[in-house]
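Participant: Chains as they are written, first to last, in this note's numbering: chain A, 96 to 520; chain B, 96 to 520.
Have a look at this one:
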């Protein structure tokens with residue numbers, strides 16, 4: 096799976112990058128919003144300070160903030176438009192749930208240095224291509240814009256200082272439903288609760304068609320209108336790409352992370368609450384390290400989430416009935432152990448994967464072990480074989496056995512493997 | 096490089112395993128000796144307990160102890176002889192030095208379930224094959240045995256309770272020299288310091304030949320003699336493998352980790368103080384989790400150390416003068432952005448890696464950017480090309496340009512790439 100992701104990302108011109116598991120704690124704190132802050136794993140300061148309970152390092156919470164730190168630190172060595180992919184684990188002190196772990200892999204792409212909506216379209220195309228290559232056909236790309244959300248919330252009566260909390264509540268919509276969101280915002284009797292219910296009925300999630308027109312009439316202010324124009328351009332630009340027909344503007348998409356400044360997006364499939372991945376534009380994050388803003392846009396696919404859905408849908412090819420190795424070399428007796436290792440070396444040189452049984456147990460026990468491990472072929476070199484410079488080959492699939500000259504053993508074993516495999520198809 | 100390591104390990108019948116970055120702190124504490132304990136990165140307990148400075152998790156310090164935990168936890172699902180490889184980072188709160196980092200990759204193999212010296216020979220063969228495949232010819236495998244060390248130290252006048260400290264001092268021999276070791280053990284005037292100097296002149300490091308005979312006459316006791324027999328068997332068994340001729344018994348090899356119980360080994364190259372990797376037998380470690388011992392033996396290659404030496408020796412092939420992508424698609428003007436993305440999609444479908452310039456800058460600026468990025472080919476679709484359904488291709492290596500039909504663009508670009516490459520060889 097990682098091979099598919101990497102192949103698509105590289106074809107889109109993203110370059111590989113890895114960063115260390117931990118960052119200075121100040122690099123991470125204050126970048127993810129209040130909820131995110133709480134979920135950061137902190138590492139105790141080492142040495143004499145250990146007793147103070149002070150933390151100076153923290154495990155990365157995502158791959159975006161470490162990237163922003165790298166960009167800020169190496170800005171002079173990087174091209175003006177820098178595109179990188181990164182496939183590494185991140186850590187969150189979250190309650191584990193279905194397809195949710197405290198350690199999980201993110202597969203990120205980010206394009207740094209341009210505010211052009213072409214970047215969003217290109218990024219969306221790349222992730223759509225990954226999903227298509229993995230066999231997904233029914234996913235949707237939910238698309239929204241932070242500044243459009245701001246305009247909508249203002250118009251709906253939410254003062255600016257209430258927006259972060261409101262977005263966090265709306266972000267949980269797919270898990271807790273409209274009632275849950277209303278509850279989180281103070282309930283039916285509160286002004287915010289009522290505003291949220293009205294808002295979500297005005298802009299019901301997942302409709303797509305016409306939602307941008309409706310938003311255009313609903314909101315006031317130039318920023319919101321510019322955001323609508325930006326989203327329309329992204330949809331239009333994506334029409335020639337792998338993202339064509341997949342994008343659904345959705346005013347209920349909020350995204351939890353606080354660093355987004357423009358378009359935000361998320362991938363939804365019908366059979367998973369939560370998303371397979373998400374991303375957006377974050378034009379101010381690098382500036383938090385550099386003191387000078389550098390525009391950026393990225394997307395993160397969640398590896399375990401995707402695997403979870405693929406498993407549920409039986410999208411992986413059925414297990415090939417193959418053992419851990421091609422051949423197990425048996426041990427005839429203690430004095431022949433060195434020769435068994437030599438034989439294994441010879442066979443490995445022909446490209447076979449070979450395990451040597453470690454003990455001089457009875458051959459029957461060794462065969463039983465090989466069968467239990469689903470190893471297809473074993474070799475036996477007893478006194479007779481040794482005297483004739485031969486190797487006895489036993490095919491555990493067909494139960495056939497025959498002796499071959501030792502020099503030919505590798506080639507013969509490979510031949511049997513090939514015919515075993517074609518027989519099983 | 097990781098590809099080579101993985102390929103060899105799999106050919107030896109080791110199966111891949113990954114474990115989480117952190118373990119419960121109790122899993123790691125007390126397994127590495129005093130020095131190791133101090134270098135473990137500890138993670139603050141989350142939630143309301145955070146204020147107490149309590150740590151409940153810790154970043155793995157190596158891959159061996161997590162493996163032992165996995166073995167103990169899943170013993171009923173695992174085969175009797177379990178062989179796994181694992182290539183993942185570990186973390187140590189060490190002072191960074193040449194080729195030494197706080198986060199670094201280990202490439203481990205371990206064979207669980209057998210006490211046979213065949214296992215040591217097979218493991219040594221695998222790591223020798225990795226190094227040979229990477230181009231190393233001059234490495235040596237230093238071999239010693241914990242119980243032989245015990246017998247030697249006893250005979251030299253070190254009481255048992257002084258052994259851990261003595262081994263830690265001797266382990267630093269290649270970094271601090273004989274004088275340094277003597278100093279660490281109390282100096283020339285102390286009994287231990289004098290014993291250490293005598294011992295290291297009796298068993299000078301790196302001689303190999305005859306050292307086992309000398310040890311045999313030096314020590315008393317059956318355990319030590321059995322250890323010598325074990326080492327002789329390992330050397331003999333390795334004779335038919337990739338480790339043949341590489342093994343040097345060396346009584347000054349101590350290994351820092353406290354969990355070893357039998358043979359210990361380390362890979363040395365002349366131009367690096369410290370080792371490229373090391374390992375040994377640890378028959379009691381799984382038992383610390385399970386309450387029942389399961390024998391085991393493993394080896395760990397240090398990825399960054401190996402890369403460091405390969406870099407110093409210029410063992411990597413010279414940088415191929417290849418850009419990050421095969422093709423950069425330029426943007427003629429704003430209205431043609433969607434078409435540029437479509438063209439990129441078409442070209443990527445033919446297997447090319449393609450970057451789209453994100454802005455409608457002047458073509459000259461776009462060409463300059465591509466040249467600076469070492470991109471070999473660019474495409475231009477102006478009004479004329481568009482009207483004729485053509486794409487102009489510019490070869491930035493040869494400065495040649497010509498227009499081709501859009502349907503052929505992918506194939507033509509691939510053709511030029513191929514001839515560019517053969518021209519540069």
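Where a beta carbon is used, it is the ideal one built from N, C-alpha and C, also for glycine.
List the residues of chain A whose Cβ lies closer than 9 Å to the Cβ of residue 136 of chain B, in chain order.
Facilitator: Ordered by position in chain A, the residues that pass the 9 Å Cβ test against residue 136 of chain B are 117, 138, 139, 141, 152.
Participant: Does any residue of chain A bring its CB to less than 8 Å from the CB of residue 448 of chain B?
Facilitator: Yes, residue 448 of chain B counts as interfacial toward chain A.
Participant: Along the region 409-440 of chain B, what residues have a CB closer than 7 Å to any CB found in chain A?
Facilitator: Those would be 419, 420, 432, 433, 434, 436, 437, 440, in chain order.
Participant: How long is the line joining the alpha carbons of residue 191 of chain A and residue 197 of chain A, rounded to whole angstroms?
Facilitator: Distance between the alpha carbons of residue 191 of chain A and residue 197 of chain A: 6 Å.
Participant: Determine whether the beta carbon atoms of residue 363 of chain A and residue 234 of chain A lie at a separation below 8 Å.
Facilitator: A contact, by the Cβ cut-off of 8 Å.
Participant: Would you tell me roughly how many angstroms separate the C-alpha atoms of residue 415 of chain A and residue 518 of chain A, rounded to the nearest one?
Facilitator: Bear in mind that a pLDDT of 48 at residue 415 of chain A, under 50, signals an unreliable position, so the number given afterwards is only what the model happens to contain. Between residue 415 of chain A and residue 518 of chain A, the C-alpha separation is close to 13 Å.
Participant: Is the shortest distance between the beta-carbon of residue 107 of chain B and the beta-carbons of chain A less than 8 Å?
Facilitator: Yes, its Cβ sits closer than 8 Å to a Cβ of chain A.
Participant: Interface residues of chain A around residue 334 of chain B at Cβ under 7 Å?
Facilitator: The contacting residues are 433.
Participant: Does the beta-carbon distance from residue 436 of chain B to residue 332 of chain A come in below 8 Å?
Facilitator: Result yes, Cβ atoms of residue 436 of chain B and residue 332 of chain A sit closer than 8 Å.
Participant: What does the alpha-carbon distance come out to for the pair residue 258 of chain B and residue 318 of chain B?
Facilitator: Each residue's alpha carbon lies about 16 Å from the other.
Participant: Could you list the residues in the region 210-224 of chain A with a C-beta less than 7 Å from some C-beta on chain B, going in chain order?
Facilitator: Flagged, chain order: 211, 213, 214, 216, 217, 220.
Participant: Mapping the DSSP letters down to three states, classify residue 332 of chain A as helix, strand or coil.
Facilitator: Residue 332 of chain A: helix per DSSP, three-state reduction.
Participant: Using a Cβ cut-off of 8 Å, pull out every chain A residue sitting near residue 148 of chain B, in sequence order please.
Facilitator: The answer, in chain order, is 139, 146, 147, 148, 149.
Participant: Counting only Cβ pairs nearer than 9 Å, list the residues of chain A close to residue 464 of chain B.
Facilitator: By Cβ distance, chain A contributes 174, 175, 176.
Participant: Give the list of continuous alpha helix (DSSP H) stretches no shorter than 4 residues that lie fully inside the region 400-457 of chain B.
Facilitator: Here the runs fully enclosed are 432-444.
Participant: In chain A, what lies closer than 7 Å to residue 232 of chain B by C-beta?
Facilitator: The contacting residues do not exist; residue 232 of chain B stays about 18 Å from chain A at best.
Participant: Which of the three DSSP states, helix, strand or coil, is assigned to residue 176 of chain A?
Facilitator: Coil at residue 176 of chain A, not helix or strand.
Participant: Please classify residue 505 of chain B as buried or exposed, where buried requires at least 16 other C-beta atoms within 10 Å of its C-beta.
Facilitator: With 16 or more Cβ atoms within 10 Å of its Cβ, residue 505 of chain B is classed as buried.
Participant: Determine the DSSP secondary structure at residue 384 of chain B, reduced to helix, strand or coil.
Facilitator: In the structure shown, residue 384 of chain B sits in a helix (DSSP, three-state: H, G or I).
Participant: Taking the C-alpha atoms as reference points, what is the distance between residue 334 of chain A and residue 292 of chain A?
Facilitator: The alpha-carbon atoms of residue 334 of chain A and residue 292 of chain A are separated by roughly 33 Å.
Participant: I want to verify the contact list: residues of chain A whose CB lies under 8 Å from the CB of residue 506 of chain B, in sequence order.
Facilitator: The premise fails here: residue 506 of chain B is roughly 16 Å from chain A at the closest Cβ pair, so nothing lies under 8 Å.
Participant: If you draw a straight line from the alpha carbon of residue 209 of chain B to that of residue 491 of chain A, how long is it in whole angstroms?
Facilitator: Rounded to whole angstroms, residue 209 of chain B to residue 491 of chain A spans 24 Å at the Cα level.
Participant: Nearest chain A C-beta to residue 110 of chain B closer than 8 Å, yes or no?
Facilitator: So yes, residue 110 of chain B belongs to the interface.
Participant: Going straight from the alpha carbon of residue 308 of chain B to that of residue 384 of chain B, what length do you get?
Facilitator: Using only the alpha carbons, I get a separation of about 38 Å.
Participant: Are the beta-carbon atoms belonging to residue 130 of chain A and residue 351 of chain A less than 8 Å from one another?
Facilitator: Yes, they are a contact pair.
Participant: Where in the region 451-520 of chain B do unbroken runs of the alpha helix (DSSP H), each at least 4 residues long, occur, reported from the N-terminal end onward?
Facilitator: Entirely contained in the region 451-520 of chain B, the alpha helix (DSSP H) runs reaching 4 residues are, in chain order, 458-467, 478-482, 504-518.
Participant: According to the Cβ coordinates, are residue 475 of chain B and residue 463 of chain B closer than 8 Å?
Facilitator: No, these two residues do not count as a Cβ contact at 8 Å.
Participant: Locate the alpha helix (DSSP H) running through residue 230 of chain B, then write down its first and last residues.
Facilitator: Taken as a continuous stretch (DSSP letters only), residue 230 of chain B belongs to no alpha helix (DSSP H), as it is neither H nor E.
Participant: Listing by chain order, which chain B residues have their CB less than 7 Å from the CB of residue 188 of chain A?
Facilitator: Within 7 Å Cβ-Cβ: 141.
Participant: With a threshold of 16 other CB atoms inside 10 Å of the CB of residue 255 of chain B, please say whether the residue is buried or exposed.
Facilitator: Residue 255 of chain B is exposed by the Cβ-count criterion.
Participant: Thinking just about the alpha-carbon of each residue, which of A/116, A/157, A/343 is nearest to the one in residue 202 of chain A?
Facilitator: Of the candidates A/116, A/157, A/343, the one whose C-alpha sits nearest the C-alpha of residue 202 of chain A is A/157.
Participant: Quick one: does the C-beta of residue 267 of chain B sit closer than 7 Å to a heavy atom of the ligand SAM?
Facilitator: For the structure depicted, the ligand SAM is absent and the ligand set is empty, with no information on it obtainable.
Participant: For the region 220-232 of chain A against the region 447-457 of chain B, do three or more pairs of beta-carbon atoms, one drawn from each stretch, fall closer than 8 Å, so that the two count as touching?
Facilitator: Too few Cβ pairs lie closer than 8 Å, so no.
Participant: Just the chain A side, please: which residues come within less than 8 Å of residue 337 of chain B by C-beta, in chain order?
Facilitator: Result: 440.
Participant: So, is residue 390 of chain A buried or exposed, given that buried needs 16 or more other C-beta atoms within 10 angstroms?
Facilitator: Buried: at least 16 other Cβ atoms inside 10 Å.
Participant: Using a Cβ distance threshold of 8 Å, determine whether the region 398-413 of chain A contacts the region 424-443 of chain A, with at least three qualifying pairs required.
Facilitator: Judged by Cβ distances under 8 Å, the region 398-413 of chain A makes no contact with the region 424-443 of chain A, as fewer than three pairs qualify.
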